[in-house]
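Below is one structure, written out as structure tokens, with a few remarks after it.
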Amino acid sequence: MKKLINSPDDVIADALKGVEASDDNVRVDHANRVIYRATPKEAGKVAIISGGGSGHEPMHGGFVGIGMLDAACAGQVFTSPTPDQMLEATTTVDTGAGVLHIVKNYTGDIMNFEMAAEMAADAGIPVETVVVADDVAVQDSLYTAGRRGVGTTVLLEKIVGAAAEEGQDLGAVKVLAQKVADNGRSMGMALTSCTVPSAGKPTFDLPEDQMEIGIGIHGEPGRHREPIGDAKSIAKQLVDPILQDLDFTGSPVIAMLNGMGGTPLIELYLMYGEVVALLKEAGVEISRNLVGNYITSLDMAGCSLTLVKADEEMIRLWDAPVKTAGLRWGL
Amino acid sequence: MGSVSEQLLTLDLLADWLRRYAAIVDEHKTYLTELDSAIGDADHGANMARGTAAVLTHVDDATTIDALLKKAGMTLVSTVGGTSGPLYGTLLMKMGMATGSVVELSAEDFGKALRAGLEGLVARGKTELGDKTMVDALAPALDAYDAALADGSDLHDAVAAAAQAAAAGRDATTPMVAKKGRASYLGERSAGHQDPGATSSTYLFDALADVIGA
């Protein structure tokens, strides 16, 4: 394992020091491993927190700031944060208008956020929760934990963050969040595994000439493994299952071509070009887009595609000012 | 052996139970992680060992059984993480809520507390018997415990029966296809592997059997 770390045990603590040093717009509670806005939101506005296992940077800590999250809880690598962290964050950011929890659909994250929401309710803080479960690679059935929460989370945090920033109440923010979650779909693929620092070796073995289609963000297995193809054919394997799952025609669409952490931007742009061509062919109109590393899986090479079927209101909120380490425009 | 009503689970005995559980988990942490590597994310042993070690730092402070169990549960929630933290934490916290502020429990009341804990865990995990989880060890163990008491067995025999049923339930998870948690993403590929959560759950009854000499 070759990594820029001091020791596997200190990765999160050391990285949080760097986060704090790099961004005047956030402050870090190192004891609880929570990243907060440096300047809290005005009283009376709904606050939004998220969190999850570390290793997906810039998500979620890189999305704390004006127009997005109020706080993000950092867990161990690929492991949910704990309810005491979430309760601390919820209590700290609440301005009296309640708090929205944005949760990715993994069993651990669901349970820990559920306990935190119960504790917050006991403390008299209204909490609403939205669960993102957008990964079309997982066949949704009664026999699984459901679809994984992946790329839609990023777009949801932006859109819903803007709604909270302009003063929409908790009920409205929750309805909007659910609408974005319901209208987002993602599909990912990997060229390599990732290496968890504490494990010291790649999570799975992927031969040089093979790729894994339908990968999650923790090195979970994908739908299937096959010989690597060209970008055009890989783009098709991302676009097709998404379009088969939801009709994206007739509405403005926000697209994100996301890198898994170990793929250079030139390849992400190349892939985005292929994706756009396929979507155009299918009659899907992309109104807004992101290309880059937004929800990563440590050093995994590969990419994912996320599409959100939006409406004019969602596009308006997407365009609203945002000032975070990960997304910044209009301010 | 005396009648059931004469056999009490005291605060000290339950504190010893948690100590013994931590020792068994620590002894088997590599094994638990190996089981988890096959169908999960290879951290069950390390996480449970860290959590139960943290519990040890508090067991001496409690002056009532409910305080002991609730504190242990909360400590597991905040130190184990993942899914095992909330599940084990809920089990112990709900047990504590069921016992009330006492320093000793009858075998029957301990059974009721275990049942309340299991119900809390099932609600938290939205899990059923046969999903290849902790429940597959815990539910048969509790059923065996209750049945033994109902048949007039004493505490020792009831705990021995529970430990035996837990082990049988754990073994039965091997051919199962996981329907909950990260192992469920493997689908059919999860069959043929013993469930790590069911395995660490059997240690609860092994530990109890050890401390009461069953």
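Residue numbers (the numbering used here), protein chains in the order written: chain A, 4 to 334; chain B, 1050 to 1263.
We put the beta carbon where it would ideally sit given N, CA and C, even for glycine.
(request) Measure from the C-beta of G111/A to each C-beta in chain B and report whether the shortest distance is under 7 Å. (result) The residue given as residue 111/A occupies position 108 in the first sequence. Interface residue, yes.
(message) Taking beta-carbon pairs under 9 Å, can you tell me which members of the stretch 1105 to 1134 of chain B lie near chain A?
(response) In summary, the residues of the stretch 1105 to 1134 of chain B whose CB is separated from some CB of chain A by less than 9 Å are M1123, V1126, S1127, T1128, V1129, G1130, G1131, T1132, S1133, G1134, in the order they occur in the chain.
(request) Can you tell me which of A1210/B, G1100/B, D1075/B puts its alpha carbon nearest to the alpha carbon of D1195/B? (result) Start at 1 with the first residue of the second sequence, and residue 1195/B comes out as number 146. Out of A1210/B, G1100/B, D1075/B, A1210/B has the C-alpha closest to the C-alpha of D1195/B.
(request) Please name the residue in D97/A, E131/A, A34/A whose C-alpha comes closest to that of D87/A. (result) For the purposes of this step, residue 87/A is identified with residue 84 of the first sequence, where counting begins at 1. Measuring from the Cα of D87/A, the nearest candidate turns out to be A34/A.
(message) On a Cα-Cα basis, can you pick out the residue from L1058/B, D1206/B, A1227/B, R1164/B that is closest to T1113/B?
(response) Numbered from 1 along the second sequence, position 64 holds the residue referred to as residue 1113/B. Out of L1058/B, D1206/B, A1227/B, R1164/B, L1058/B has the C-alpha closest to the C-alpha of T1113/B.
(message) I'd like to know whether the C-beta of K161/A is nearer than 7 Å to at least one C-beta of chain B.
(response) Position 158 of the first sequence, counted from the first residue, corresponds to residue 161/A. Not one chain B Cβ lies under 7 Å of K161/A.
(request) Quick one: list the residues of chain A neighbouring R1173/B, beta-carbon separation under 9 Å, in chain order. (result) The sequence position of residue 1173/B within the second sequence is 124, counting from 1. Per Cβ cutoff of 9 Å: M114, E117, M118.
(message) Does the contact criterion of 3 or more C-beta pairs under 8 Å hold for the stretch 175 to 193 of chain A versus the stretch 241 to 251 of chain A?
(response) They touch, by the three-pair rule.
(request) Establish whether the CB of Y1234/B and some CB of chain A are separated by less than 7 Å. (result) Position 185 of the second sequence, counting from 1, holds the residue named residue 1234/B. At least one CB of chain A lies nearer than 7 Å to the CB of Y1234/B.
(request) Taking all protein chains shown into account, decide if I245/A is buried (16 or more other Cβ within 10 angstroms of its Cβ) or exposed. (result) Here residue 245/A corresponds to residue number 242 of the first sequence, with the count starting at 1. With 16 or more Cβ atoms within 10 Å of its Cβ, I245/A is classed as buried.
(request) Reducing DSSP to helix, strand and coil, say where A328/A ends up. (result) Taking the first sequence and counting its residues from 1, the one referred to as residue 328/A is at position 325. Three-state result, A328/A: coil.
(request) Can you grab the Cα-Cα spacing for the pair G1051/B / A1156/B, in whole Å? (result) Your numbering for residue 1051/B matches position 2 in the second sequence. Your numbering for residue 1156/B matches position 107 in the second sequence. Caution is warranted here: a pLDDT of 43 is assigned to G1051/B, below 50, making its placement in the model unreliable, and no coordinate value can be reported.
(request) Anything in the stretch 1060 to 1093 of chain B with a Cβ closer than 8 Å to a Cβ of chain A? List those residues in chain order, please. (result) D1090, A1091, D1092
(message) Please list, in chain order, the chain B residues whose beta carbon lies closer than 7 Å to that of Q79/A.
(response) The residue given as residue 79/A occupies position 76 in the first sequence. Per Cβ cutoff of 7 Å: G1130.
(message) At a CB distance below 9 Å, what residues from the stretch 209 to 243 of chain A approach chain B? Give them in sequence order.
(response) G219, H221, G222, E223, P224
(message) So the candidates are A184/A, A234/A, R151/A; which of them puts its Cα closest to the Cα of I257/A?
(response) For the purposes of this step, residue 257/A is taken as residue 254 along the first sequence, with counting starting at 1. Of A184/A, A234/A, R151/A, the residue nearest in Cα terms is A184/A.
(request) Below 8 Å between beta carbons is the criterion; list the residues of the stretch 1152 to 1185 of chain B that meet it against any residue of chain A, in chain order. (result) R1173, G1174
(message) Please give the ranges of any beta strand (DSSP E) in the stretch 53 to 84 of chain A, keeping only runs that are unbroken, at least 3 residues long and fully inside the region.
(response) 74 to 80
(message) Looking at chain B, is there any beta carbon in it that lies within less than 7 Å of the beta carbon of P200/A?
(response) The residue labelled residue 200/A in the question sits at position 197 within the first sequence. No, no contact with chain B.
(message) Beta-carbon within less than 7 Å of K6/A's beta-carbon, same chain only, minus the 5 sequence neighbours each way: which residues are those?
(response) Position 3 of the first sequence, counted from the first residue, corresponds to residue 6/A. These residues qualify, in order along the chain: P200.
(request) Could you tell me whether the stretch 1196 to 1203 of chain B touches the stretch 1249 to 1260 of chain B, using the rule of 3 or more Cβ pairs below 8 Å? (result) no
(request) Indicate whether L90/A and A119/A have their beta-carbon atoms separated by less than 7 Å. (result) To locate residue 90/A, count along the first sequence from 1; it is residue 87. To locate residue 119/A, count along the first sequence from 1; it is residue 116. Against a cut-off of 7 Å, the Cβ pair of A119/A and L90/A comes out as a contact.
(message) Need the endpoints of the beta strand (DSSP E) that H104/A sits in, please.
(response) Within the first sequence, numbered from 1, the residue matching residue 104/A stands at position 101. 102 to 107 is the span of the beta strand (DSSP E), which, as asked, contains H104/A.
(request) Out of T195/A, H221/A, P255/A, A234/A, point me to the one whose CA is closest to R228/A's CA. (result) As a working mapping, residue 228/A is identified with position 225 in the first sequence. The option with the nearest alpha carbon to R228/A is T195/A.
(message) Tell me the DSSP secondary structure of T309/A in three-state form.
(response) Looking up residue 309/A in the first sequence gives position 306. Strand.
(message) Can you give me the C-alpha to C-alpha distance between A323/A and A148/A, rounded to a whole angstrom?
(response) Taking the first sequence and counting its residues from 1, one reaches residue 323/A at position 320. Taking the first sequence and counting its residues from 1, one reaches residue 148/A at position 145. Cα-Cα distance, rounded: 35 Å.
(message) Less than 7 Å between the beta carbons of V141/A and G152/A, yes or no?
(response) Against the first sequence, residue 141/A aligns to sequence position 138. Against the first sequence, residue 152/A aligns to sequence position 149. No, Cβ-Cβ distance for V141/A and G152/A is not below 7 Å.
(request) Less than 8 Å between the CB atoms is what I'm expecting for A50/A and D73/A, so what's the real figure, rounded? (result) Position 47 of the first sequence holds residue 50/A. Position 70 of the first sequence holds residue 73/A. About 4 Å; that satisfies the 8 Å criterion.
(request) Using only alpha-carbon positions, find the residue among L1117/B, T1106/B, G1131/B, G1138/B that is nearest to G1149/B. (result) Start at 1 with the first residue of the second sequence, and residue 1149/B comes out as number 100. Of the candidates L1117/B, T1106/B, G1131/B, G1138/B, the one whose C-alpha sits nearest the C-alpha of G1149/B is L1117/B.
(message) Quick check on N115/A: does DSSP put it in helix, strand or coil?
(response) Taking the first sequence and counting its residues from 1, the one referred to as residue 115/A is at position 112. Helix.
(request) Give a yes or no on whether the minimum CB-CB distance between G1230/B and chain A is below 7 Å. (result) Translated into the one-based positions of the second sequence, residue 1230/B becomes position 181. It does; some Cβ of chain A falls within 7 Å.
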